[in-house]
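*Asks:*
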Amino acid sequence: MNLMSTIRYSIIGMMIFGLEITGLSAAGVGLNTTRIVFPQNSQSIPVTVRNSTENEEYLVQVYLTKTPSDSTQETVFDILPPMLYLKPGQQRDVRITETSSSMNLPKDRESIYYLHARAIARSEKNAELNVSNMKGDVKIAIENVIKVFYRPAGLVQTSDKAQESLTFSAVQGGVQVTNNSPYYITLASLKVGNKQIDISAKKNNTMVAPFSNIIYPTTVNTGPTTWVTINDLGGYVEHTKP
Numbered sequence: 001m002n003l004m005s006t007i008r009y010s011i012i013g014m015m016i017f018g019l020e021i022t023g024l025s026a027a028g029v030g031l032n033t034t035r036i037v038f039p040q041n042s043q044s045i046p047v048t049v050r051n052s053t054e055n056e057e058y059l060v061q062v063y064l065t066k067t068p069s070d071s072t073q074e075t076v077f078d079i080l081p082p083m084l085y086l087k088p089g090q091q092r093d094v095r096i097t098e099t100s101s102s103m104n105l106p107k108d109r110e111s112i113y114y115l116h117a118r119a120i121a122r123s124e125k126n127a128e129l130n131v132s133n134m135k136g137d138v139k140i141a142i143e144n145v146i147k148v149f150y151r152p153a154g155l156v157q158t159s160d161k162a163q164e165s166l167t168f169s170a171v172q173g174g175v176q177v178t179n180n181s182p183y184y185i186t187l188a189s190l191k192v193g194n195k196q197i198d199i200s201a202k203k204n205n206t207m208v209a210p211f212s213n214i215i216y217p218t219t220v221n222t223g224p225t226t227w228v229t230i231n232d233l234g235g236y237v238e239h240t241k242p
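Residues in the sequence shown are numbered consecutively from 1, following the UniProt record's numbering.
1. Looking at Y113: is its Cβ nearer than 8 angstroms to the Cβ of L86?
2. Using C-beta distances below 8 angstroms, list every residue in its chain close to M83, excluding the 5 sequence neighbours before and after it, in chain order.
3. By how many angstroms is the C-alpha of D78 removed from the C-alpha of Q40?
4. By DSSP's criteria, D93 is part of a beta bridge. Which residues make up the other side?
5. Within the same chain, show all residues whose beta-carbon is closer than 7 angstroms to that of P210, passing over the 5 residues directly before and after it, in chain order.
6. So, is M103 buried or exposed, given that buried needs 16 or more other C-beta atoms within 10 angstroms?
7. Quick check: the Cα distance between P152 and S189, rounded to an integer number of angstroms?
8. Check the DSSP bridge columns for K147 and list the partner residues they point to.
9. D160 by DSSP, collapsed to three states: which one?
10. Just to confirm my understanding: we take S159, look at its own chain, exclude 5 residues before and 5 after, and list those with CB closer than 6 angstroms. What are they?
11. Can you give me the C-alpha to C-alpha distance between V220 and K195, rounded to a whole angstrom?
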């Protein structure tokens, strides 16, 4: 059966993805992107951290982990500066730089990390904003977490092609989505026949890892298939297969 893809781009500028880990914040401390693609041998990648409040001051700690809930900081990248002080309405850049540890990462597929921007607001109780305030009994006011994809050089297929090349097969009790590419592919939605598949960040089933598959439970597992992926720029891309 021939694959027909209808691609619809909707580059998201200033809105939060309901299905993605929060990267942009409408009020408070936020980042200028919802995801980062770090190509191998890039000198560095800038990320803007901004304080969109009118009267709050924030201390922001920026670091990378291997999983969203992990507290162990990764050494594959350097983050400079790792701590920021932001006045109301101020924004500053941090730079992500590849270290020699990246030489140990797989060369045939992407690796994924998570960038955290953890902020506390200045108050009477923590008037002295410093590193020690980031721990202990101080309540974390805001935490933004976004995905960072480390992309090795020389991958033969493009990310866009990989997203449209997902395959779908009926299995007992569900539909199997297979990713035969070296890229992580994030699904925003999936519809098989007349059935909308339950996909959400809460269920931790939005992302299909390289060279892997996911089985989604459904009572309808055959028929026309429509799936929406999130591209490198954070936009929605719709694909269809009869």
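Virtual Cβ for every residue (Gly too), placed ideally from N, Cα, C.
All values reported here derive from a predicted model rather than from experimental measurement.
*Replies:* In this structure, then:
1. As a first step, residue 113 must be located in the sequence shown, where it is residue number 113. As a first step, residue 86 must be located in the sequence shown, where it is residue number 86. No, these two residues do not count as a Cβ contact at 8 angstroms.
2. Working through the sequence shown from its first residue, we reach residue 83 at position 83. So the list reads L59, V60, Q61, V62 and V131, once near-sequence residues are dropped.
3. Here residue 40 corresponds to residue number 40 of the sequence shown, with the count starting at 1. Here residue 78 corresponds to residue number 78 of the sequence shown, with the count starting at 1. Cα to Cα, Q40 sits roughly 14 angstroms from D78.
4. Taking the first residue of the sequence shown as position 1, residue 93 is located at position 93. Answer is T48.
5. The sequence position of residue 210 within the sequence shown is 210, counting from 1. Once the five neighbours on either side are set aside, the close Cβ partners of P210 are R109, E110, N179, S181, P182, Y183 and Y184.
6. Locating residue 103 in the sequence shown gives position 103, where the first residue counts as 1. Exposed is the call here.
7. Mapped onto the sequence shown, residue 152 falls at position 152. Mapped onto the sequence shown, residue 189 falls at position 189. Cα to Cα, P152 sits roughly 27 angstroms from S189.
8. The sequence position of residue 147 within the sequence shown is 147, counting from 1. Per DSSP, R35 and Y114.
9. The sequence position of residue 160 within the sequence shown is 160, counting from 1. Three-state result, D160: helix.
10. Within the sequence shown, residue 159 is the residue found at index 159, counting from 1. Excluding sequence neighbours, S159 sits near Y183 and D232.
11. Position 220 of the sequence shown holds residue 220. Position 195 of the sequence shown holds residue 195. Rounded to the nearest angstrom, the two C-alpha atoms are 6 angstroms apart.
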